[in-house]
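**Student:** Protein chains in written order, with this note's numbering: chain Y, 22 to 249; chain E, -18 to 229.
Backbone N, C-alpha and C fix where the C-beta goes; we use that ideal spot for every residue, glycine too.
Mind having a look at this structure? Questions to follow.
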Amino acid sequence: MTASPSTLTMFRWMVRRDLILAWRRRADVLSTVFFFVIVVSLFPLSIGPETQLLRSIAPGVVWVAALLASMLSLGRLFANDYQDGTLEQMLLTPQPLYLIVLAKVLASWLVAGVPLALIAPVLGVQFGLSQDTLLILTVSLMLGTPVLSLIGSIGAALTLGLRGGGVLIAILVLPLYIPVLVFGAGAVDASIIGVSPQANLSLLGAVLAIALVFSPWATSAALRISLE
Amino acid sequence: MTKRKFNWYKYASPANFYPLAGKMIPWFAIPAAILFIVGLYVGFFVAPTDAQQGEVYRIIFIHVPAAWMGMFLYILLAVYAGIGWAFNARLSAMMASSISITGAMFTFLSLITGSLWGKPTWGTWWVWDARMTSTLILMFLYIGFISLQSAIDDPRRADRAGAVLALVGVINIPIIYFSVQWWNTLHQGATIRILNKPTMAPPMLAAMLIMLAACWLYSIAIVLYRLRFIIVERERGAAQVAAATAGI
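Written out as structure tokens, the structure is:
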């Protein structure tokens, strides 16, 4: 019997594997980004092209769209591995499930969260945001989207294999996203009105730290329950 | 709740608890009814008219207890769900599902009565006040718990999945509460403060506390009542045998 690889090696391979899988299904990743872009672009069309108004709603619009877009990728987080039985094998490995979950969430954030943060400044320009604000928008999304992936993974694990899983995830997870939304949009808001966004960003970082510790654990527990 | 006083292991079995719950219900339901009547009487006839708000303030006799119950019951739900999950105790898990409905009802009631009170007092049905917003979010958490449990067919999985969600929710509640409070001070669109309560006259306070006690007793009674249905639904054979032998 061969020795099982070290946990760090396993972690690296898990991330690599999920990234390769995502790369082979590029359309899925792109559809999330396009969804984000389209939703954000709908707001000026529905509200009107008045710059002042658009500027004041921009943080909320971009952040809510990011929340919704991140819901789209949650369904894929465990579902494919669950269907072909890979997930069951992962639960049986000697490596801690905590790290497997963390690796999968990291990979999913890299393909679903980071693109949103990177494309957001382009959308911010459409809403007439200044350069400093665009930077804050990107930073807040970079801090906030990993929390969305982490909390979302709990919902994805709980609803694994359930009928109507997609809508159910939204109901479970969206209320838990509220602090991220408040602090994320708050940081951008503060930057627009000329106040330092540091407090909001620090709180966002604190939420990220808490989520990083607790949510993979909750997700692991949820996966064990769902696969029993 | 009261079942802790009895032999833990015997009454941890749903089939044994079923007849006991049946016997316990009147002990909570009847005092609840009496206290509701007393509380409403004190609230409507004894408590004086408020100098600032007039008669409309009397809605707090149902509103405040309902809001408190909504919060308490969520914590209680999480405790029961956590016990059910950690010790694999079916009865605790069933208790959690039973509590969820009553908790959601009280939260909903507090939102409705709050807006009924807000219209004449503030001139608007809804204000994005920190407290109202967090109550609304609490309602969403209840809805999430109930929808998750009803989406899962296997009761064991439903219990445990619900427990994870409830515990995550409980950890999140303080974070949500503070984020909402902070968000409210940031936006400061509405200038109405909910906190300019004048000191309460003793009959007002008495009526409110009586109503709170009535709501507690009602909750215990209705939760046990619903629990009996859940037991029968899930453990049909065992519960019916126990009920037949106990003569209930």
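#1: Residues of chain Y with CB closer than 9 Å to the CB of E/R138, please, in chain order.
#2: Give me the Cα-Cα distance between E/S79 and E/Q130, rounded to the nearest whole angstrom.
#3: Beta-carbon within less than 7 Å of E/V45's beta-carbon, same chain only, minus the 5 sequence neighbours each way: which residues are those?
#4: Do E/I203 and E/T83 count as a contact pair if the criterion is CB distance below 8 Å?
#5: Touch check for the stretch 136 to 146 of chain E and the stretch 216 to 228 of chain Y: three-plus C-beta pairs under 8 Å?
#6: Per DSSP, what kind of secondary structure is Y/G173 in: helix, strand or coil?
#7: Quick check on E/I173: does DSSP put it in helix, strand or coil?
#8: Can you pull out the residues from the stretch 155 to 186 of chain Y whose beta carbon lies closer than 9 Å to at least one beta carbon of chain E?
#9: Given a threshold of 16 other Cβ atoms within 10 Å of its Cβ, counted over all protein chains shown, does Y/I68 qualify as buried or as exposed?
#10: Rounded to whole angstroms, what's the CA-CA distance from Y/S247 to E/I133? Just pull it up for me.
#11: Classify Y/D153: buried if its beta carbon has 16 or more other beta carbons within 10 angstroms, exposed otherwise.
#12: At a CB-CB cut-off below 7 Å, which residues of chain Y make contact with E/R141?
#13: Go to E/P101, then tell me how far its alpha helix (DSSP H) extends in each direction, as first and last residue.
#14: Does DSSP classify Y/D210 as helix, strand or coil?
#15: Applying the criterion that 16 or more other CB atoms from any shown protein chain within 10 Å of the CB defines a buried residue, is Y/A141 buried or exposed?
#16: Could you work out which residue in E/M50, E/R209, E/P136 is closest to E/A85 when comparing CA atoms only?
#17: Do you know offhand how far E/P184's Cα is from Y/M163's?
#18: Would you kindly work out how many angstroms separate the C-alpha atoms of Y/G106 and Y/D210, rounded to a whole number?
#19: Assign Y/R37 to buried or exposed, taking buried as 16 or more other Cβ atoms, counted over all protein chains shown, within 10 Å of its Cβ.
#20: Does the distance from the CB of E/L119 to the CB of E/M52 come in under 8 Å?
#21: Any idea if E/I156 is buried or exposed, counting beta-carbon neighbours within 10 angstroms, 16 or more meaning buried?
#22: Hey, is E/I82's beta-carbon within less than 8 Å of any beta-carbon in chain Y?
#23: Any heavy atom of the ligand FMN closer than 7 Å to the CB of E/P101?
#24: Residues bridged to E/G35 by DSSP?
#25: Counting only beta-carbon atoms, is E/A132 nearer than 8 Å to chain Y?
#26: Answer yes or no: does any C-beta atom of chain E fall closer than 8 Å to that of Y/T242?
#27: So what's Y/R46 in DSSP terms, helix, strand or just coil?
#28: Quick one: what's got a C-beta closer than 7 Å to Y/V228's C-beta in the same chain, skipping five residues either side?
#29: Taking only runs of the alpha helix (DSSP H) that begin and end inside the stretch 100 to 175 of chain Y, which ones reach a length of at least 4 residues, in chain order?
#30: Select from the stretch 149 to 164 of chain E all residues with a C-beta closer than 9 Å to any C-beta belonging to chain Y, and list them in chain order.
#31: Does DSSP classify E/V19 as helix, strand or coil?
#32: Can you find a C-beta in chain Y that's less than 8 Å from the C-beta of E/L21?
#33: Smallest Cα separation from Y/G187: which of Y/R97, Y/A133, Y/L118?
#34: With 16 as the cutoff for other CB atoms within 10 Å, does E/G20 come out buried or exposed?
#35: Are the C-beta of E/F26 and some C-beta of chain Y separated by less than 8 Å?
#36: Quick check on the burial criterion: 16 or more other C-beta atoms within 10 angstroms. Buried or exposed for E/M(-18)?
**Tutor:** Working from what's here:
#1: I246, S247, E249
#2: Between E/S79 and E/Q130, the alpha-carbon positions lie close to 11 Å from each other.
#3: M189
#4: yes
#5: no
#6: Three-state result, Y/G173: helix.
#7: Because the pLDDT at E/I173 is just 44, under 50, the model does not fix this residue reliably, and the point stays unresolved.
#8: I172, I175, G176, A178, L179, T180, L183, R184, G185, G186
#9: exposed
#10: 10 Å
#11: If you draw a 10 Å sphere on the C-beta of Y/D153, you find fewer than 16 other C-beta atoms in it, and that means exposed.
#12: I246
#13: 71 to 103 is the span of the alpha helix (DSSP H), which, as asked, contains E/P101.
#14: helix
#15: Burial check for Y/A141: the Cβ neighbour count within 10 Å reaches 16 or more, so the residue is buried.
#16: Among E/M50, E/R209, E/P136, the Cα nearest to that of E/A85 belongs to E/M50.
#17: Those two C-alpha atoms are separated by around 55 Å.
#18: Cα to Cα, the separation comes out at about 45 Å.
#19: exposed
#20: yes
#21: E/I156 comes out buried.
#22: no
#23: What this structure holds is no ligand at all, so the ligand FMN is not there to describe.
#24: E/D31
#25: yes
#26: The question names Thr, yet the displayed sequence has Ala at residue 242 of chain Y. Closer than 8 Å to some Cβ of chain E, the Cβ of Y/A242 qualifies, so yes.
#27: coil
#28: V168, P200, V201, F204
#29: 107 to 113, 118 to 147
#30: Listed by position along the chain: V149, G150, I152, N153, I156, I157, F159, S160, V161, W163, W164.
#31: Note: E/V19 maps to helix in three-state DSSP.
#32: no
#33: Closest by C-alpha distance to Y/G187, out of Y/R97, Y/A133, Y/L118, is Y/R97.
#34: Result: buried.
#35: no
#36: Interpretation of E/M(-18) is limited by its pLDDT of 49, a score under 50 that renders its predicted location unreliable; no figure is taken from the coordinates.
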